[in-house]
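Student: In the working numbering, the protein residues as written are 47 to 150. From the three backbone atoms N, C-alpha and C, an ideal C-beta is built for every residue, glycine too.
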Amino acid sequence: ASPFTRSRSTAACTTTRRSSRSTSVQPSEYFLRQCVLSMEADEELAADVMERYGNDIMVISTDYPHPDSAFPHAMDEFFELDLPDESRRKVLWDNCARLYALES
């Protein structure tokens, strides 16, 4: 799912609410609660997405072994992104640990 999907699902729910079952929260809230976005290590728009949706739903991928991946320099490129240390920690560890129920 993407930010577009999140936004579009809320709009669709709002316009069709009369004909559909009622939900306790908007689809966009379900998205934030139940979905994770995977970013590639060199994702230039990562900061913009995190600014809009928060840094609690992002995890990282090197996209290995695809030929267009940043591997073996993926992590170098990730650390070149203009991200706060808190966001780096969440993307690299905290969010993954929560997703897989690992101790953090």
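Report the rounded CA-to-CA distance for Asp109 versus Val71, giving the unit in angstroms.
Tutor: 33 angstroms
Student: Helix, strand or coil: which one does DSSP assign to Leu127?
Tutor: Leu127: coil per DSSP, three-state reduction.
Student: Counting C-beta neighbours from all protein chains within 10 Å, is the total for Ala143 16 or more, i.e. buried, or is it exposed?
Tutor: Classified as exposed, Ala143 has fewer than 16 neighbouring CB atoms from the shown chains inside 10 Å of its CB.
Student: Judging by CA-CA distance, which residue of Glu75, Asp140, Asp128 is the nearest neighbour of Ala87?
Tutor: Asp128
Student: Residues bridged to Ile106 by DSSP?
Tutor: Answer is Met85, bridged to Ile106.
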